[in-house]
Amino acid sequence: MSLSPAQKKAYRSIGHHLQPVVTVSENGLSEGAQQELERALRDHELIKVKLALPERDDRHAMIEALVEVSGAELVQALGKVALLYRHNPKANPKLSNITRAENHHGRH
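In my numbering, the protein residues as written are 67 to 174.
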């Protein structure tokens with residue numbers, strides 16, 4: 067299921083205030099980085115990933131790999147940061163960036 071333009075806009079708004087929780091370096095997507103990516107998406111649903119790669123093409127290829135490995139959707143890629151979303155129906159409302167933002171902004 068792909069995100070609608072309205073969903074992407076809302077998620078970009080929420081993601082604006084987030085800090086990157088996973089960093090991928092030139093070493094690529096290591097086992098540890100994959101585990102951290104999985105944990106972060108499971109807990110938070112919407113996360114920022116920092117790509118410590120100097121070349122734009124390398125960053126683009128890494129984003130594609132992250133999306134494929136994680137099953138997440140790319141909400142936005144801006145410079146060296148990617149905003150990824152993966153729905154978790156059992157997300158902890160205290161950890162989920164989506165639920166926390168909805169409760170904070172009074173959206174339902």
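We treat Cβ as the ideally placed atom computed from N, Cα and C, and that holds for glycine.
Relative to Asn154, the option among Lys116, Ile164 and Gly81 whose CA is nearest is Ile164. Under the DSSP definition of a beta bridge, Val141 lacks any partner.
If the five residues before and after Asp109 are omitted, its C-beta is found closer than 6 Å to the C-beta atoms of Leu161, all from its own chain and listed in chain order.
For Ala143, the closest C-alpha among the options Asn169, Glu111 and Met128 is that of Met128.
Around the CB of Ala118, fewer than 16 other CB atoms lie within 10 Å, so the residue is classed as exposed. When DSSP reads this structure, Lys116 sits in a beta bridge with Thr89 and Val147. Residue environment for Glu111: buried (at least 16 other C-beta atoms within 10 angstroms of its C-beta).
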